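> Pasting a structure here, questions to come.
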Amino acid sequence: NAGVTQTPKFRILKIGQSMTLQCTQDMNHNYMYWYRQDPGMGLKLIYYSVGAGITDKGEVPNGYNVSRSTTEDFPLRLELAAPSQTSVYFCASSEGEKLFFGSGTQLSVL
Amino acid sequence: AQSVTQLDSHVSVSEGTPVLLRCNYSSSYSPSLFWYVQHPNKGLQLLLKYTSAATLVKGINGFEAEFKKSETSFHLTKPSAHMSDAAEYFCVVSVGGGATNKLIFGTGTLLAVQP
């Protein structure tokens, strides 16, 4: 199993641009998550999904959108990038209480 | 309200010496607690979890943590540090009865291991 795969690993955006962070998992997990990690802070939950077709907001959803058309994929969309969205983004899936993380996407908005 | 506090942002130890990473929690009921490790440029990996079965929890790579309700603590320890232990460690509390959409992450402790 590849586990949780995120692409791209790095990206630089200009203010106002849009992009999609891709996330796919091959463990057939129903639950998937998007977190952001800022320096000196713990992870903050952006959005999560309990299964295909079902998504819900986490702690910091503003400026983001998600979709879950399949069990495997959970893309995160930034529509109008802002400097405040400069962060490292982690996708995760879970089995029971155990989270499995991707290796992260480092995003800079300039 | 539930919360988790990691008392040290940086800890430095010498290889072969004990490791202690401190975590205090606040919860209105018996919590589920976790330690995750993040190696440079990697995602987080579960080290161990406490879910009320036993107060001393053993994890991977020789780490263990003890749940002390009277002290509201869940400190992470290892008897002898290895260079490969250098990473950032996160203490996590579940505030939703184990629901993974209700995890609160601590701010992390960066562990440096000196040769």
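Heads up: the protein sequence lines correspond to chains A and B, in order.
Heads up: the first sequence begins at 13 in the numbering used here, then just goes up one per residue.
Heads up: the second sequence begins at 125 in the numbering used here, then just goes up one per residue.
In this text, a Cβ means the ideal position worked out from N, Cα and C, and glycines have one as well.
None of the values given here were measured: they were computed from a predicted structure.
1. Considering only their Cβ atoms, is the gap separating G230/B from G116/A smaller than 8 Å?
2. What would DSSP say about N148/B, mapped onto helix, strand or coil?
3. Does the segment 83-91 of chain A come into contact with the segment 59-73 of chain A, if we say contact requires no fewer than three beta-carbon pairs (one atom in each stretch) closer than 8 Å?
4. Considering only the alpha carbon of each residue, which of M44/A, Q49/A, R48/A and L92/A lies closest to G15/A?
5. Quick one: give me the first and last residue of the beta strand (DSSP E) that Y76/A is part of.
6. From which residue to which residue does the beta strand (DSSP E) around G63/A run?
7. If you measure from the beta carbon of N292/B to each beta carbon in chain A, is any gap under 8 Å?
8. For H41/A, which option in V72/A, M31/A and R80/A has the closest C-alpha, if you only look at C-alpha atoms?
9. Tell me S123/A's beta-bridge partners as DSSP assigns them.
10. Looking only at C-alpha atoms, which of L235/B, V143/B, L227/B and L234/B sits nearest to Q126/B?
11. List the residues of chain B that S115/A touches, going by C-beta distances under 8 Å, in chain order.
12. Assuming F191/B is part of the beta strand (DSSP E), what are its boundary residues?
Answer, in terms of the structure:
1. No; because the gap between Cβ atoms is not below 8 Å, this pair is not in contact.
2. Three-state result, N148/B: strand.
3. A contact exists between the segment 83-91 of chain A and the segment 59-73 of chain A.
4. Comparing alpha-carbon positions, the option among M44/A, Q49/A, R48/A and L92/A lying closest to G15/A turns out to be M44/A.
5. If you look at Y76/A, you'll find it in the beta strand (DSSP E) that goes Y76 to V78.
6. Looking at the DSSP string, the run of the beta strand (DSSP E) that includes G63/A is L55 to G63.
7. The first residue shown for chain B is 125 and the last is 239, placing residue 292/B beyond what the model contains.
8. Comparing alpha-carbon positions, the option among V72/A, M31/A and R80/A lying closest to H41/A turns out to be R80/A.
9. This structure gives no information on residue 123/A, because the portion of chain A shown stretches from 13 to 122.
10. Minimum Cα distance to Q126/B is reached at L227/B.
11. Within chain B, the residues near S115/A are N165, K166 and G167.
12. Here the beta strand (DSSP E) through F191/B covers E188 to K192.
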